[in-house]
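**Student:**
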Amino acid sequence: MCHGCGLPCATHDTSPYVFRVIWALKLKGIPYEYIEEDLSNKSPLLLQYNPIHKKVPVLVHDGKPICESIVILRYIDEIWPAVALFWIKFADDKSPFISKLYRTDGEEQQVAAKECFEMLEVIEGHALVGEKKFFGRDEINMVDIAFCSVAHWLGVIEGFTGLKIFEPHKFPRLNSWIQNFKSVPVIKDNLPDTDKMSAVLKRRREMLLASKSS
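Right, here's the structure in full:
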């Protein structure tokens with residue numbers, strides 16, 4: 050959980066949705082208390098603040114819980130232009146295909162890979178046109194954070210699944226954006242450890258696939 054100006058937020062340190070919130074709070078300079086959640090043994094605090102979905106992240110401000118990362122980003126930023134909202138929604142709709150890459154195999158995984166590739170094509174061809182360092186041009190904003198799965202999680206998942214979806218020469222604008230995104234001090238200093246992520250997600254994949262075959 051994160052307390053920033055009284056903001057607590059239930060979190061899990063391999064989730065891109067959690068890091069959206071962490072980075073947003075840090076970019077805004079909001080102090081917070083971070084509480085790690087074990088999702089296999091959910092705490093009474095998480096169940097109290099998010100009794101319906103029982104998921105992370107949860108942001109608590111002045112005793113009021115805000116659930117779902119996109120809702121939290123909007124809450125933190127307060128005012129959103131329509132174009133930014135469109136791309137944030139696009140990121141939230143498409144990001145689950147990235148997690149499906151390690152949760153599935155065979156034909157189902159190939160479908161997810163195809164969806165991921167098409168998502169990258171849309172970002173390359175429509176969201177990053179022109180001379181842009183970030184989605185908002187020269188400064189990082191909440192749209193960049195919404196696409197964090199593309200910047201970091203996709204590469205980690207490709208690494209242990211053997212898939213190759215993102216190729217820099219096919220997506221030069223997106224490749225430049227990833228480098229720019231990861232060079233921002235707030236992001237760079239708070240990226241989840243690649244080796245730890247890989248080990249956790251690989252183990253989760255093995256358990257998921259074993260449960261399907263049993």
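Offset between the sequence shown (1-based) and my numbering: plus 49.
For every residue, glycine included, the Cβ atom is placed at its ideal position computed from N, Cα and C.
1) Ends of the alpha helix (DSSP H) at E156?
2) With a cut-off of 8 Å, do at least 3 Cβ pairs link the region 85-95 to the region 130-143?
3) Please name the residue in V235, F215 and W202 whose C-alpha comes closest to that of A248.
4) Bridge partners for V107 per DSSP, in chain order?
5) Within the same chain, show all residues whose beta-carbon is closer than 6 Å to that of S198, passing over the 5 residues directly before and after it, in chain order.
6) Can you give me the Cβ contacts of K231 inside the same chain, cut-off strictly under 8 Å, excluding the 5 residues immediately before and after it?
7) By Cβ distance below 6 Å, which residues in the same chain neighbour L257 in space, the five residues on each side in sequence not counted?
8) Bridge partners of F183, per DSSP?
9) In this structure, how does DSSP classify I147 when only helix, strand and coil are distinguished?
10) Which runs of the beta strand (DSSP E) fall wholly inside the region 69-97 and span at least 3 residues, in chain order?
11) Should F215 and G204 be called a contact, given that it needs their Cβ atoms to be closer than 9 Å?
12) Kindly give me the distance between the Cβ atoms of M191 and I137, rounded to whole angstroms, as I take these residues to be in contact under 8 Å.
13) Going by beta carbon distance, what residues of the same chain come within less than 8 Å of D141, once the five residues before and after it are set aside?
14) Is DSSP giving D238 helix, strand or coil here?
15) If you measure between the beta carbons of L250 and I189, is that distance less than 9 Å?
16) How is G211 classed by DSSP in three states: helix, strand or coil?
17) Quick check: what's the CA-CA separation for G53 versus L96?
**Tutor:** Let me lay it out:
1) G155 to V171
2) no
3) W202
4) C116
5) P65, S144 and I147
6) A200, H201, K237 and L240
7) R152
8) R186
9) helix
10) 82-85
11) yes
12) 7 Å
13) S118, I119 and A195
14) coil
15) no
16) coil
17) Its pLDDT being 42, under 50, G53 is placed unreliably by the model, and nothing is read from it.
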